[in-house]
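J.:
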Amino acid sequence: MATQTAAAHAITRRQSAPHGWLSEQTITTTLFLLPALAFLVVFIVWPILSSVELSFFEWNGLSANRTFVGLGNWSKLFGDGIFWRAFTNNIIIVVLSIAIQIPIAMALAVLLHRGGRKLQFFKVVYFFPLLMSTVAVGILFKYVYDLQFGVVTPLLETLGLKALSRDWLGDPNVALFSVIVVICWQFIPFYMVLFLAQLLNIPEDIHEAAMIDGATENQYFWRVELHLMRGIIATAITLSLIGSLKYFDLIWVMTEGGPSRSTELMATYMYKEAFASFHMGYGSTIATAMFIIVMIVALTALAIGQRPREA
Amino acid sequence: MKINNRISMRGAWKMMALTLIALTVAACSAPLTQAPTAAPSQAPTSAAAQATQAPAATQPPAATQAPAGQPVDISFWHIQTNGSGPQLIEQAVERFKADNPNVNVENVPLTNDAYKTKIKVAAGAGNAPCIFPTWGGGPLYEYVKSNQVIDLTPYMTKDNYKDRFLDAAFTPITFDGKIYGVPVENTSLALIHYNKALFEKYNLTPPQTYDDLLKVVQILKENDVAPFALANKPKWPGSMFFMYLVDRLAGPEVFAKAATRTGGSFEDPVFIEAGKRLQELVEAGAFQEGYNGLDYDAGGTRALLYSGKAAMELMGTWEASIIKTENPEFYKNLGFFPFPALTDGKGDPKDIVGTVGDNFYSISATCKNPDEAFKLIQYLIDDTSVAARAKDGRIPPVKSFKTDDPELQQILQLIQQAPSVQLWYDQYLPPAVGEVHKDTSQALFGLTMTPEEAAKQLEQAMADYAKQPQ
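Now the structure itself:
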């Protein structure tokens with residue numbers, strides 16, 4: 030860690046050192062950034078701004094005439110039970126994703142790290158879910174959960190737990206949790222790889238030093254390793270947070286937000302309003318609200334994650 | 116190091132210059148295609164939209180009103196991507212092109228769900244194709260209100276062309292006495308499809324009345340067969356039960372009055388009673404486990420029928436043609452009967468829920484050659500096309516249609532005898548209200564909503580829509 034920081038300092042110093050062609054370098058940097066910036070403006074900034082603009086209109090998405098309704102859509106949004114239900118569902122996904130994915134991913138990463146070459150095979154296998162497209166995962170698990178032809182119910186029957194069997198995707202009380210299980214299945218490998226990379230980055234001498242000082246493997250993990258991983262854990266949490274708030278695809282494939290809105294998310298609600306109900310204006314309001322929420326959460330998470338800490 | 120740097124810097128400059136040029140080009144052309152989506156307000160009227168869109172379209176600017184012989188382009192979207200659909204369209208287009216060599220047709224097949232989003236974005240941006248398919252009803256009316264489609268009445272009345280089609284085919288495409296589409300593809304009725312072998316095995320006959328149906332349900336249930344296969348994740352399959360119950364209880368007027376706001380209400384006792392009957396079916400165990408989570412598109416209900424786990428399915432008649440190609444062996448055992456009569460109901464048991472003529476083809480307001488476009492549509496439903504569609508197991512919505520196929524014959528008879536053909540609610544209603552109907556119907560099936568609450572929500576949605584500035 031210390032060596033890394035030193036190297037980083039060295040780089041910064043070299044870059045900021047005054048050179049004869051400093052201005053030229055600035056221009057170069059700017060020019061190199063321009064293409065990316067142009068694409069960002071055209072494809073991201075502009076659409077976001079026009080969504081914000083649309084959120085003040087009532088528009089069916091087809092007509093040449095849009096009715097300006099001021100803050101009408103926004104006041105409707107604040108009183109819209111379905112939006113808040115969707116928001117709550119998003120929060121449930123955020124909390125459960127972080128609470129389930131991060132610890133399991135960490136456990137797997139540590140296990141694979143300790144096992145070294147012996148567990149190489151599992152390293153590859155555990156990585157598989159991440160390689161599948163989300164739509165394929167969604168369809169696959171629709172079959173897994175199917176009550177007539179699926180595998181979950183027969184499995185429970187074999188275990189003598191038939192009473193636990195539910196209509197996994199059709200029962201409003203369990204549908205959200207059924208989907209969250211799949212989300213975790215899909216994303217745990219991602220965080221596992223992230224953590225594994227960081228574990229491999231920790232110099233072996235730290236481990237040796239801890240052992241010489243008489244630490245057990247257990248103590249080493251909780252007192253040393255975990256602390257060295259704080260940065261990456263913060264990153265993982267931030268990524269999970271943002272991803273869960275914007276979540277759309279798997280839910281859309283598996284439940285379309287149903288039944289009875291039990292798995293409705295902000296993104297699925299926005300899509301339905303804008304494209305199925307011909308409420309392009311209100312759909313844009315939901316999209317903008319989502320953008321604001323994600324923005325605030327992301328900035329807060331980044332600020333907390335980057336807060337300087339004593340080593 | 117320094118020298119190296121300088122050399123690579125020079126290379127970099129050159130690269131930058133090239134990138135910048137490429138970018139300028141991209142930046143200049145990007146707004147052209149982007150702008151309408153992002154800021155449609157820039158086109159205040161649809162006429163202006165047409166004008167500003169001209170350069171972006173594939174149209175050569177010269178070809179405004181094409182005299183015969185001058186090259187003309189027609190863009191044509193359709194969603195006939197299953198079975199022999201693509202060939203049906205392709206063959207008609209080829210025949211049209213052979214007779215009209217000056218017309219270049221851009222024939223774009225799209226999948227159903229992708230199309231629904233794509234057409235909305237294209238039309239909203241003033242880039243709608245000349246010819247595009249619709250299902251009629253509420254969504255088409257949105258296009259009519261927004262001046263996105265042209266009135267086809269003059270074309271339809273010319274030489275009494277309209278008389279070619281079944282009268283029922285015009286219901287979903289006629290608004291304020293004007294016709295906005297041409298019925299072409301098929302006729303679909305919601306009927307109860309059943310496994311004849313299973314019925315024989317348990318000594319059952321197609322029920323004539325609702326009480327008979329309940330008995331059939333009970334016997335099948337006792338024998339561990341799910342009476343109905345239902346894929347209610349997409350919500351519209353379950354809605355068919357609700358529509359039939361309403362119609363059998365009270366006939367088509369109650370719905371029409373509520374939907375057109377002519378003295379009716381969705382809180383009418385009929386809708387509440389229909390909800391109660393529906394939940395009665397659910398409680399009798401009429402549907403397989405997990406019906407509210409099962410997806411229709413993946414073929415979930417047909418798998419249940421094929422495996423003998425379920426005996427019946429209330430579904431559009433397209434189901435029979437899918438089964439015919441998917442499982443010819445099972446098709447031999449497939450029969451169908453209309454939704455049974457309610458002995459205490461006022462509706463005519465010959466009434467049918469379904470759609471005649473769907474898909475309909477409309478011509479967009481931005482189309483520069485509507486005459487040629489209409490001519491092309493006529494090729495899609497001329498005698499050659501009708502024969503080709505019949506061969507594909509469809510029922511084209513024309514009066515002259517005759518068939519030797521016994522199943523098609525039976526369906527044809529049902530339409531001809533039907534005093535009323537009720538268009539699917541979710542298609543008839545304004546889109547936003549249709550969504551609410553599908554949600555409440557699914558909730559009724561899930562027993563998570565009372566019939567009263569469902570009626571109240573639907574009425575609220577309809578009232579909200581009626582209040583909107585039109």
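Heads up: the sequence lines are chains A and B, in that order. Under the numbering used here, residue 340 is the last one in the first sequence; the count climbs by one each step, no gaps. Under the numbering used here, residue 585 is the last one in the second sequence; the count climbs by one each step, no gaps. By construction, the Cβ of each residue, glycine as well, lies at the ideal position given by its N, Cα and C atoms. None of these values were measured; they are calculated from a predicted model.
1) Check whether chain B comes within 8 Å of N119(A), counting only Cβ atoms and requiring the distance to be less than that.
2) How long is the line joining the alpha carbons of L83(A) and A240(B), rounded to whole angstroms?
3) Could you have a look at S436(B) and say whether DSSP puts it in helix, strand or coil?
4) Could you say if the region 414 to 427 of chain B and the region 340 to 351 of chain B meet the contact criterion of at least three C-beta pairs nearer than 8 Å?
5) Where does N219(B) land, buried or exposed, given buried means 16+ other C-beta within 10 angstroms?
6) Under a CB-based cut-off of 8 Å, is D109(A) close to chain B?
7) Keeping to the same chain, check which residues put their C-beta closer than 6 Å to that of N215(B); ignore five residues upstream and five downstream.
8) Under 7 Å Cβ-Cβ, which residues of chain B neighbour S306(A)?
9) Check the Cβ of G462(B) against every Cβ in chain A and list those closer than 8 Å, keeping chain order.
10) Along the chain, where does the alpha helix (DSSP H) that runs through H236(A) open and close?
11) With a CB to CB cut of under 6 Å and the five nearest residues on each side skipped, what residues in its chain are close to Y230(B)?
12) Starting from the beta carbon of N262(B), find every residue of chain A whose beta carbon is closer than 8 Å, and list them in chain order.
13) Are the C-beta of G287(A) and some C-beta of chain B separated by less than 8 Å?
14) Taking a cut of 9 Å between CB atoms, which residues from the region 144 to 176 of chain A lie near chain B?
15) Helix, strand or coil: which one does DSSP assign to A172(B)?
16) Using a Cβ cut-off of 9 Å, pull out every chain B residue sitting near W197(A), in sequence order please.
17) At a CB distance below 7 Å, what residues from the region 65 to 96 of chain A approach chain B? Give them in sequence order.
18) Which chain C residues are close to Y258(B), counting only those with a beta carbon under 7 Å from its beta carbon?
19) List, in order along the chain, the chain B residues whose C-beta lies closer than 7 Å to that of K105(A)?
20) Return yes when the Cβ of A305(B) is within less than 8 Å of the Cβ of M271(B), no when it is not.
21) Taking the C-alpha atoms as reference points, what is the distance between V124(A) and F489(B)?
22) Shorter than 8 Å from the beta carbon of L419(B) to some beta carbon of chain A?
23) F557(B) and M358(B) look like a contact to me (Cβ under 8 Å); what is the Cβ gap, rounded to whole Å?
24) Taking contact to mean 3 or more Cβ pairs, one atom from each stretch, closer than 8 Å, check whether the region 257 to 275 of chain B and the region 382 to 394 of chain B are in contact.
25) Rounded to whole angstroms, how far is the Cβ of Y317(B) from the Cβ of L335(B), which I believe are closer than 8 Å?
26) Taking S535(B) as the reference, give the member of Y543(B), G462(B) and I496(B) with the closest Cα.
27) Where do the ends of the alpha helix (DSSP H) carrying S190(B) lie?
28) Could you work out which residue in G353(B), G472(B) and V468(B) is closest to R504(B) when comparing CA atoms only?
29) Name the chain A residues that come within less than 7 Å of K424(B), Cβ to Cβ?
30) How about the region 427 to 445 of chain B and the region 278 to 291 of chain B: do they share at least three Cβ pairs that are nearer than 8 Å?
31) In the DSSP assignment, what are the bridge partners of Y476(B)?
32) Which residue wins for smallest C-alpha separation from L527(B), given the options I467(B), G415(B), N407(B) and T226(B)?
33) Do you know whose CA, among D339(B), G198(B), P455(B) and N474(B), lies nearest Q542(B)'s CA?
34) Pull out every residue of the region 201 to 235 of chain B whose Cβ sits closer than 8 Å to any Cβ of chain A, in chain order.
35) Using only alpha-carbon positions, find the residue among G167(A), I266(A) and L257(A) that is nearest to I131(A).
36) Mapping the DSSP letters down to three states, classify Q217(A) as helix, strand or coil.
T.: In terms of the structure at hand:
1) no
2) Their backbone Cα atoms lie some 14 Å apart in a straight line.
3) helix
4) yes
5) exposed
6) It does not; no Cβ of chain B falls within 8 Å.
7) none
8) P546, A547 and E550
9) Within chain A, no residue has its beta carbon less than 8 Å from that of G462(B); the closest one is some 29 Å off.
10) E233 to I241
11) I194
12) S92 and A93
13) yes
14) I168, K171, Y172, Y174, D175 and L176
15) With a pLDDT of 37 at A172(B), under the threshold of 50, the predicted position of this residue should be treated as unreliable, though the coordinate-derived value follows. In the structure shown, A172(B) sits in coil (DSSP, three-state: anything other than H, G, I, E or B).
16) G405 and G408
17) A67, V71, W75, P76, S79, N89, G90, L91, S92, A93, R95 and T96
18) Of the chains in the structure shown, none is chain C; the protein chains are A and B.
19) Going along chain B, no residue has its Cβ under 7 Å from K105(A), so there is no contact; the nearest lies around 10 Å.
20) no
21) If I take the Cα positions, the gap works out to 56 Å.
22) yes
23) The residue you asked about is not Phe; residue 557(B) is Gln in the sequence shown. Q557(B) to M358(B), Cβ: 14 Å. No contact.
24) no
25) 7 Å
26) G462(B)
27) No alpha helix (DSSP H) holds S190(B); the beta strand (DSSP E) holding it covers V187 to H193.
28) G472(B)
29) Q177
30) no
31) P248(B) and V297(B)
32) I467(B)
33) When each option's Cα is compared against that of Q542(B), the closest is N474(B).
34) K231, T232 and K235
35) I266(A)
36) The sequence shown places Ile at residue 217(A), rather than the Gln named in the question. In this structure, I217(A) counts as helix in the three-state DSSP scheme.
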